[in-house]
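Visitor:
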Amino acid sequence: MRTTLALALAAALITTPIPATATHGDHTGNPDTYAGTPMPPPHTPTSAHTPTSAHTPITTTKNTQITNPTSSAPLPTTIDIQPSYIPQISCDPIDRPGTLALGNLLVNTYKTGYVGYSRFCSEGGTSEHYDGRALDWMLDATNPTQKTIGDTAATWLTANNGENARRLGIQYIIWNATMWRAYAPERGWATYTGPNPHTDHIHISLTWDGANRRTSWWTGTAITSLDLGPCRATTGNPWALLYTGKRTTPCPTPTPGPSTTKTTWVPGNTSPQITEAQKLLGITADGKFGYATRNAIIAYQKRTSIPITGVLDQSTWAALDPSSLTTTPTPAPAPTPAPSPSPSQTPSTITTPATAYRTTTLRPGSRGPAVKALQTLLRIPTTSTYDPRTTNAVKTLQKKWKLPATGTTNLKTWNRAELNRYPWLPYTGTTLRPGSRGPAVKALQTLLRIPADGIFGPATRNALTTTQKKLRTPQTGITDPTTWKAFIRL
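Note that the sequence shown covers residues -22 to -1, 1 to 468 in mature numbering (1 follows the signal peptide of the UniProt record, and there is no 0).
1. Along the chain, where does the alpha helix (DSSP H) containing D443 start, and where does it finish?
2. Residues in the same chain with beta-carbon distance under 6 Å from P459, minus the five sequence neighbours each way, listed in chain order, please.
3. If you follow the alpha helix (DSSP H) that Q124 is part of, which residue opens it and which one closes it?
4. Using only alpha-carbon positions, find the residue among P412, K420, A421 that is nearest to T443.
5. Distance check for Q423 and T438, CA to CA, integer angstroms please.
6. Counting only the same chain and skipping the five closest in sequence on each side, list residues whose C-beta sits under 6 Å from that of D109.
7. Look at G128 and W158 and say whether their C-beta atoms are less than 9 Å apart.
8. Just to confirm my understanding: we take L83, look at its own chain, exclude 5 residues before and 5 after, and list those with CB closer than 6 Å. What are they?
9. Return the first residue and the last residue of the beta strand (DSSP E) that R159 is part of.
10. Could you say if the stretch 90 to 104 and the stretch 132 to 142 meet the contact criterion of at least three C-beta pairs nearer than 8 Å?
11. Can we say the stretch 178 to 198 touches the stretch 228 to 236, given the rule of at least three CB pairs closer than 8 Å?
12. Would N174 and K380 be called neighbours here (beta carbons separated by less than 9 Å)?
13. For Q292, which residues in the same chain have their Cβ closer than 8 Å to its Cβ, ignoring the five residues on either side in sequence?
14. Touching or not, the stretch 164 to 173 and the stretch 243 to 254, by the rule of three or more beta carbon pairs under 8 Å?
15. Please classify R210 as buried or exposed, where buried requires at least 16 neighbouring CB atoms within 10 angstroms.
16. My understanding is that T445 touches L426, with C-beta atoms under 8 Å, so please give their C-beta distance in whole angstroms.
17. I want to know whether the stretch 399 to 412 touches the stretch 338 to 353 - three or more CB-CB distances under 8 Å.
18. Nearest-angstrom Cα distance between P61 and T130?
19. Is the separation between the beta-carbon of T360 and that of V372 shorter than 9 Å?
20. Report buried or exposed for P285, applying the criterion of at least 16 other Cβ atoms within 10 angstroms of its Cβ.
Below you can see the structure in the form of structure tokens.
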């Protein structure tokens, strides 16, 4: 099913239009990475229209009643089994029936906003948008009417220990810098510290049962076992098989996979290597990995009896171009999990141009070393004067990170300028070595200017050793604190 952003504009009461600047959400990463302090639900009493119960209609400032959803199926007294957090591991960007149904339910009930669903996997990180299990309901938390609607929906979903969320198969919700987890409802609404505060949309991630519309809200029967989703087929491949049906037992041990001289590519990527693969597949060769290329790869994987991942992975390259094989399949070393810490976890021992001036507010007309440090972070000429070029660069940065585009540099802007200049900073507390995988490895590979597939293999080790030699640090082939600290000189 080909969809990247499905519009479900309400035909009746659109109480207030969504601002043109509202953008599609960007949640990526393990949600438990962003573990914040438990706090009250987002509706507490910042809104003058807090509902008295989860099911009581409320009246907005425009005198319009807000009524919560009702199920077309008779709801059983038993609630669906509490979910576990099951992260996305497959690249399968299709809009699943339960995800679509929930998006339609929200828009049709609350008469506001539109919903985005699946997304190409090329954006990096972990996101259930990549396997069709997440939606973004576009609401503006700075708009009182839309915030009231968002708060009402969030309260209805999570009331009574998340009864309705479990009936719909929701595993977590992020809204207005807070997060609620169905697999840990005792934490309540906790502070969310990810890079996007989710003030322009509500992000909802579903279980596999929820995404496939199997839960009691739709069927009238509570599920009693969890769908654990697809499994990885081969060692060394970060992408799992495409989803084919419910799985309730542990995954089998992955078999050893081949290694080639080629890079693994996913939908959304562009590369001359993709052009080469398209020619071998006999399809239009434009170098862009879109749905046509994905469909051709899936068909080829089925014909050749190789793992069906929908990704141009090592097994597919080995079959398409046997001359690219570098080794026969051998077991890969046990991978070292690569966590995705939040930016607040950057070690204090690393000094950047922002370190000394983070609490200094700069604005047009400012002068001095703080301005020079800011310009260094922005990669613009260092004049030490806050000139129009600097103002424009700051506004561009603020828009990118969804901050108010004031052109003034405050603490938040300093932090984002630093992270924009050094995107690997969140991972400096992580030691990476051959066999490691995940977003931290991708950040390292991007820093080393090699293809970022998220797997610490021989190419990554060679590039790292070369860089360590250049920086005159021990050539260990491992990123330890000494190496991370030295990277600031690149």
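Don't be surprised by glycine CBs; every beta carbon is placed ideally from N, CA and C.
Guide: The short version:
1. Working through the sequence shown from its first residue, we reach residue 443 at position 465. Position check: residue 443 holds Thr in this sequence, whereas Asp was assumed. It spans 436 to 449 - the alpha helix (DSSP H) in which T443 sits, taken as one unbroken run.
2. One-based indexing of the sequence shown puts residue 459 at position 481. None.
3. Mapped onto the sequence shown, residue 124 falls at position 146. Start and end: 122 to 146.
4. Counted from its first residue, the sequence shown places residue 443 at position 465. Residue P412 is the option with its Cα nearest to T443.
5. Working through the sequence shown from its first residue, we reach residue 438 at position 460. Working through the sequence shown from its first residue, we reach residue 423 at position 445. C-alpha separation (whole angstroms): 7 Å.
6. For the purposes of this step, residue 109 is identified with residue 131 of the sequence shown, where counting begins at 1. So the list reads Q66, S68, D70, once near-sequence residues are dropped.
7. Here residue 128 corresponds to residue number 150 of the sequence shown, with the count starting at 1. Here residue 158 corresponds to residue number 180 of the sequence shown, with the count starting at 1. It is not a contact, given that the beta carbons lie outside the stated cut-off.
8. Working through the sequence shown from its first residue, we reach residue 83 at position 105. Closer than 6 Å at Cβ, skipping near neighbours: P47.
9. Position 181 of the sequence shown, counted from the first residue, corresponds to residue 159. First-last of the beta strand (DSSP E) with R159: 156 to 159.
10. no
11. no
12. For the purposes of this step, residue 174 is identified with residue 196 of the sequence shown, where counting begins at 1. For the purposes of this step, residue 380 is identified with residue 402 of the sequence shown, where counting begins at 1. Yes, they are a contact pair.
13. Here the question's residue 292 lines up with position 314 in the sequence shown. Excluding positions up to five away in sequence, the list reads T212, G214, N215, G235, P236, S237, T238, K240, T242.
14. no
15. Looking up residue 210 in the sequence shown gives position 232. When all chains shown are included, R210 counts as buried.
16. Sequence index remark: in the sequence shown, residue 445 carries index 467 (1-based). Sequence index remark: in the sequence shown, residue 426 carries index 448 (1-based). With 8 Å as the limit, T445 and L426 qualify as a contact, their Cβ atoms being about 6 Å apart.
17. no
18. Walking along the sequence shown from the start, residue 61 turns up at place 83. Walking along the sequence shown from the start, residue 130 turns up at place 152. Near 23 Å, if we compare the C-alpha coordinates of T130 and P61.
19. Stepping through the sequence shown from its first residue, residue 360 is reached at position 382. Stepping through the sequence shown from its first residue, residue 372 is reached at position 394. Going by C-beta atoms, T360 is not nearer than 9 Å to V372.
20. One-based indexing of the sequence shown puts residue 285 at position 307. That one is buried.
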